[in-house]
Amino acid sequence: MALPRLGAIETLFNRRLKPVIARGDTAALSALTGLRELHLRDTYLPDPCRLTALPRLEALTFTDVEIAIVNFADSLGELRCLTRLHVHCVTLDDCDCFDDETCAVPLVKRATTLRALSVRPSDSDDVHVGNHDTSDLTSCLPMLTYLDLNSNDINSTGTCGLTGLRNLAHLDLSYNDICDAGAAALTCLTALTELCLSTNRIGTLGVKALASLTDLVYLDVSDNVEIDDEGALALAGTTHLTTLCVSRQGFKEHGTAALMATLRGELPYLYGIGNMLYGRINYDLGPW
């Protein structure tokens with residue numbers, strides 16, 4: 001890659017330029033000292049230590065990338081301007097040095113400047129945050145304001161491990177299994193404004209608890225079929241939401257009517273009632 005001539009650029013998207021980034025290419029990357037955002041997709045990163053030559057790097061995203069584990073955690077810890085890290089469908093090469101060799105926490109624990117973290121695995125070999133890793137994550141990165149752990153097989157126990165993240169404004173735990181107990185545990189995160197909990201086996205008790213989060217403006221509890229009419233009434237009693245996603249629920253005509261009557265005139269974006277879409281949904285949440 002003839003990158004040194006681009007020394008003034010601040011954002012670089014590298015997708016499938018080669019199936020593997022050669023060591024010479026990462027040396028070229030390290031010459032881009034003004035880089036603030038680096039997005040790598042569909043490739044292999046053989047020497048992540050080269051990233052430490054990017055002193056102004058604020059956002060780093062890996063999607064469908066295999067990364068050599070040697071020096072990876074240390075390299076992230078040395079990026080003192082790094083505030084956003086996105087790890088989606090990432091595998092590690094030579095990763096037998098960890099007991100749980102695909103756990104994200106040992107990789108990010110030194111990246112204490114992070115304020116936004118997104119970890120999404122697509123299968124069991126990908127980097128993930130396990131159910132018993134959430135409390136360690138909280139201890140390592142207590143200042144997070146944005147956390148996306150979509151599809152990490154987290155249950156109510158794992159959710160409790162996140163309750164120390166008192167600065168969280170955005171939390172995505174969609175496609176996990178937190179159930180009512182996990183939803184209730186989240187009510188101590190009073191700084192939350194955006195909460196995504198679709199497909200989590202949450203029922204009426206869970207949404208009644210979530211209704212107490214009065215700073216929430218966005219709530220997605222779609223595809224939680226255990227929510228009945230009583231749960232719909234609890235949601236209908238909220239006055240702080242501007243966007244509510246409730247598609248494919250278990251409530252019947254009474255719950256639907258309550259939501260329609262109470263919220264349709266006051267809630268700008270109501271999604272999923274009677275298989276209809278009222279307004280639009282803004283999915284462009286968070287810093288990505």
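Going by my numbering, 91 is the number at position 91 of the sequence shown; the sequence numbering is gapless.
Every residue, glycine too, gets a C-beta built ideally from N, C-alpha and C.
Note down the Cα distance separating L141 from R84, rounded to an integer number of angstroms. 12 Å
Identify, in the order they occur along the chain, each residue of the same chain with its Cβ nearer than 8 Å to the Cβ of D94, setting aside the five sequence neighbours on each side. A68, I69, V70
Less than 8 Å separating the beta-carbons of L192 and L213? yes
Indicate the three-state DSSP secondary structure (helix, strand or coil) for E37 in the structure shown. strand
Do E101 and P82 count as a contact pair if the criterion is CB distance below 8 Å? In the sequence as displayed, the identity of residue 82 is Leu instead of Pro. No, the pair does not count as a contact, with Cβ atoms beyond the cut-off.
Looking only at DSSP bridge pairs, what is N155 linked to? D177
For S118, does the three-state DSSP call read helix, strand or coil? strand
According to DSSP, is C89 part of a helix, a strand, or is it coil? coil
Between T138 and L171, how many whole angstroms is the CB-CB distance? I'm expecting something under 8 Å. Actually they do not touch by this definition, with Cβ atoms about 12 Å apart.
What residue does the alpha helix (DSSP H) around L235 start on, and which one ends it? 229–236
Within the continuous alpha helix (DSSP H) that includes A73, where are the two ends? 72–78
Endpoints, the beta strand (DSSP E) within which T63 is located: 59–68
Whole-Å CB distance - L79 paired with A111, under 8 Å assumed: 7 Å
Can you give me the start and stop residues for the beta strand (DSSP E) that D220 sits inside? 218–220
So who's on the other strand from L195, going by DSSP bridges? L171, L219
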